[in-house]
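One line per chain: the protein sequences are A and B, in this order. Quick note: the first sequence uses the working numbering, first residue 199, plus one each step. Quick note: the second sequence uses the working numbering, first residue -13, plus one each step. Glycine residues also receive a C-beta, built at the ideal position from the N, C-alpha and C atoms. Have a look at the structure below before the remarks.
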Amino acid sequence: MYTPLRIDPTKALGDIAAFQRKLAAGMGHLRSMHEPEYANTPRELVYSEDKLKVWHFTGHGQAKSKTPLLIVYALVNTVWMTDLQADRSMVRNLLEQGEDVYLIDWGYPDGADRWLTLDDYINGYLDRCVDAVRKRHDLDAINLLGICQGGAFSLCYTALHADKVKNLITMVTPVDFHTPDNMLSSWCRNMDVDLFVDTMGNIPAGLMNYVYLTLKPVRLNQQKYIGLVDILDNPTELENFLRMERWIFDSPDQAGEAFRQFIKDFYQGNKLVKGTLQIGGQPVDLGMITQPVLNIFAEQDHLVPPDASRALGKHVGTTDYTQLAFKGGHIGIYVSGRAQREVPPAIHQWLAERSR
Amino acid sequence: MADPANDFIRDYQSLAQQSWDAWTRQLQQQQPQPAAANPFFTSPTAATSGNDTLERTLAGLKGYFDWMQGAALNGAAAQPVDWRQQLQQLFGGASQPFAQAFGGIDSAGAEGFARQWQSWMQAAQHGGFGDLPGAHGPTPAFGQDREQQMKQQAMAAAVLESLQASARYQALIQRSNAQAMQRLQDKLAERAEPGRQIDSLKALYDLWVDAAEEAYAEIALTDEFREVYGNMVNTQMRVRQMQQQQTEQFCQQLGMPTRSEVSSLGERLQALRREFRASQATATEDRADEIMALRRELSALKRQVANGAKVAPVVKKVASIKRSTSAVKKSVSKTPAKVRTTVAGKAKPAAASKSRPSPRKRK
């Protein structure tokens, strides 16, 4: 009869000693590290309003695509999610594929933005950003790439302004918010969101990050940092780690009113798939989306379960619907090496097939 | 009786602990001091450096380090016959890394929501729940301070409710903790054959993390967790709201602007911006329609003039175009004259320029 535990005490002490040695040596590197820079792909400002900016990524070559691609990310995120570091930059990769890439930078809301509604964001900001890009290219419609909550915004926008969107791409986008494996949705179902927003005003980024960490508390609060010890003596990997940390925890607060509506209508009411959602008094019908749709989701996504994204196929009105499963998680789909190899080329190919 | 092996381990642990503490202190001294700690996660080392990453790193590593030390002393050094017993020694008591990892959720996490009323929490915990004013239900208040007393009672009741909600939440976390151990045992039982055995603390730790996350995820998706979580958030928000109201009242007495007032101004400003944009859009749309209609009419007039037809009916049509704003109405009321002038000018240039002043001049 064998025992599953064969830990030699001497080896255990050796492990502790090795851990300490690595830590002591590595902390020297950690202390000498500067704040890591992001990829900073060359870009130009083409539109701004309040705290919002629309960037046009210029890159180094000439875009081959005739229709520009506007990226709409989630309000909880920052520009850097798509442009983290030189070899892990979705925008850089899309540029290299020949796409003409624009991106909405939502900025960091403060007290003055407390009353911004989803209508303000979708029919206001987003619509004016789309108009700015359309006008720049003298086009009736452009391509839209929505990520996570930005994907939900893009779906609403396309349903409401169908004539301005040529092709729609959604990435890790929640559509059905009531799948049984959606932890975030389950947690906020019994929350009195009116009381929450009335009390908090804008929702602090720190609180949002705390909630995200508690989705996988041991892995994200402890195991991740234990793994860090093994790379403390590798300046490149350490820099990559710190850059990720910078990006993950450098988050904007959430405008209170928009947060209230998003939780109520999407997470609690699941109105997007029920067909009862209204933005600015106008009904949002996913069946009105008749342009080609590419829906990319991550198979190990702990924030937006794959089923929450897959649901889109049942609700859009288009006959040209493509689904792409990525082997990775919610973060990996933007920044992992695999993502760089697989996602931007797939997006480019899909768009190219629809521009002929 | 002396036990040289265990004495050595204890000495080693003591040395390791000292060195850990030493460089932790050193690191903290090198960071900007002091800065606000992460409000939702308290480092076990109580580090309050300004470097968030370092703080989180230390918090996570310290829990692991403590566990390794405890495991080396209690579990790995001993050679029990039953591996389950050994496992209990490895993960028993204070050496459990799970408690450290969840430190950011059950205690400090709740504190994050409740930091502002920490003194209330301490008072309640110090004296026991029952000693809070109003904890046994509202007591009739009277006299000049009646309102104040009632508010204090309501606050106390809300704090008590929140503490109870947090306690229920912590109980669920503890349950997932216990279930994690059971899962770990199950996972280990599958690794009894040679080649799959766990031979390092790190491998054991990684296996435990898998078990812990699975157990937690299972509980975190239950209806019970949903109800407890929602209640915890809601009760904490009620306390916070009451505290804000008290602070506002205090500020009002001092003549200071309050958050409600600023927020109200923000709401009105946002509403005004929406109205402004809407009216701008309407005006632009109306003007565009107007211009489009006029262009069409002008083209029709040109065609008619070119064909030698009379223009009077066209003028009548132009005058009937719907006008939405007074400015538009004003300009359009003069339009027929302009149209007539233009048309007449084409037909009889010299006479028209003499007989009628241009619209601009007439203004």
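| Check | Outcome |
| --- | --- |
| State the CB to CB distance for the pair residue 384 of chain A and residue 212 of chain B, rounded to an integer number of angstroms; the pair is presumed to be in contact (CB under 8 Å). | 5 Å |
| Give a yes or no on whether 8 Å exceeds the smallest Cβ distance from residue 132 of chain B to chain A. | no |
| So, residue 173 of chain A versus residue 441 of chain A, is the Cβ gap smaller than 8 Å? | There is no way to answer for residue 173 of chain A, as the model of chain A reaches only from 199 to 554. |
| Let me know the secondary structure DSSP gives residue 546 of chain A once reduced to three states. | helix |
| Since residue 401 of chain A contacts residue 322 of chain A with CB under 8 Å, what's their CB separation in whole angstroms? | That belief does not hold up - the Cβ atoms of residue 401 of chain A and residue 322 of chain A are roughly 20 Å apart, past 8 Å. |
| Could you work out which residues of chain A lie near residue 180 of chain B, taking near to mean beta carbons separated by less than 7 Å? | 200 |
| Can you name, in chain order, every residue of its own chain whose Cβ lies under 6 Å from the Cβ of residue 225 of chain B, other than the five neighbours on each side? | 103, 144, 145, 148 |
| Quick test of the definition: if touching needs 3 or more C-beta pairs under 8 Å, does the segment 538 to 553 of chain A touch the segment 257 to 265 of chain A? | yes |
| Cβ closer than 7 Å: which chain A residues qualify as neighbours of residue 281 of chain B? | Neighbours of residue 281 of chain B on chain A: none; closest Cβ ~21 Å, over 7 Å. |
| Chain A beta carbons: is any one of them nearer than 8 Å to that of residue 213 of chain B? | yes |
| When the distance is taken between beta carbons, is residue 380 of chain A closer than 8 Å to residue 506 of chain A? | yes |
| Can you have a look at residue 215 of chain A and say buried or exposed, based on whether 16 or more other CB atoms are within 10 angstroms of its CB? | exposed |
| Please report the straight-line C-alpha distance between residue 160 of chain B and residue 488 of chain A, rounded to a whole angstrom. | 50 Å |
| Please go through the same chain and pick out, in chain order, the residues whose beta-carbon is closer than 6 Å to the beta-carbon of residue 339 of chain A, but skip the five residues on each side of it. | 362, 363, 364 |
| Helix, strand or coil for residue 254 of chain A, going by three-state DSSP, please let me know. | strand |
| With three or more C-beta pairs closer than 8 Å as the rule, is the segment 483 to 498 of chain A touching the segment 519 to 532 of chain A? | yes |
| Just how far apart, CA to CA, sit residue 318 of chain B and residue 279 of chain B? | Any reading at residue 318 of chain B must be qualified, since the residue scores a pLDDT of 41, below 50, and its modelled position is unreliable; the value itself is stated next. Rounded to whole angstroms, residue 318 of chain B to residue 279 of chain B spans 11 Å at the Cα level. |
| From which residue to which residue does the alpha helix (DSSP H) around residue 401 of chain A run? | Per DSSP, residue 401 of chain A belongs to no alpha helix (DSSP H) and is neither H nor E. |
| Our contact map puts residue 289 of chain A next to residue 281 of chain A with C-beta atoms below 8 Å; I'd like the distance itself, whole angstroms only. | 5 Å |
| Do you know whose CA, among A/249, A/515, A/345, lies nearest residue 473 of chain A's CA? | A/515 |
| Pairing CB atoms from the segment 292 to 304 of chain A with CB atoms from the segment 241 to 249 of chain B, are three or more of them under 8 Å? | no |
| Could one say the Cβ of residue 305 of chain B lies closer than 8 Å to chain A's Cβ atoms, at least one of them? | Residue placement at residue 305 of chain B is poorly supported in this model, since its pLDDT is 48, which falls under 50; the coordinates still yield a value, given next. No, because no Cβ of chain A sits closer than 8 Å to the Cβ of residue 305 of chain B. |
| Provide the residue(s) that pair with residue 495 of chain A in DSSP beta bridges, ordered along the chain. | A/523 |
| Could you name the residues of the segment 179 to 198 of chain B whose beta carbon sits closer than 8 Å to any beta carbon of chain A, in the order they occur along the chain? | 179, 180, 182, 183, 184, 185, 186, 187, 188, 190, 191, 192, 195, 198 |
| Taking only three categories from DSSP, how would you classify residue 165 of chain B? | helix |
| May I ask you to list, following chain order, the residues of the segment 384 to 404 of chain A that have a beta carbon less than 9 Å from some beta carbon of chain B? | 384, 385, 386, 387, 388, 389, 390, 393, 394, 396, 397, 398, 399, 402, 404 |
| Where does residue 532 of chain A fall in DSSP's three states? | helix |
| Given residue 392 of chain A, which residues of its chain have a CB within under 6 Å of its CB, disregarding the five upstream and five downstream residues? | none |
| Name the residue from A/220, A/486, A/325, A/316 whose alpha carbon lies nearest to the alpha carbon of residue 477 of chain A. | A/316 |
| Report the option in B/236, B/288, B/186 whose CA atom is closest to the CA atom of residue 76 of chain B. | B/186 |
| Measuring only the C-alpha atoms, how far is residue 255 of chain A from residue 538 of chain A? | 17 Å |
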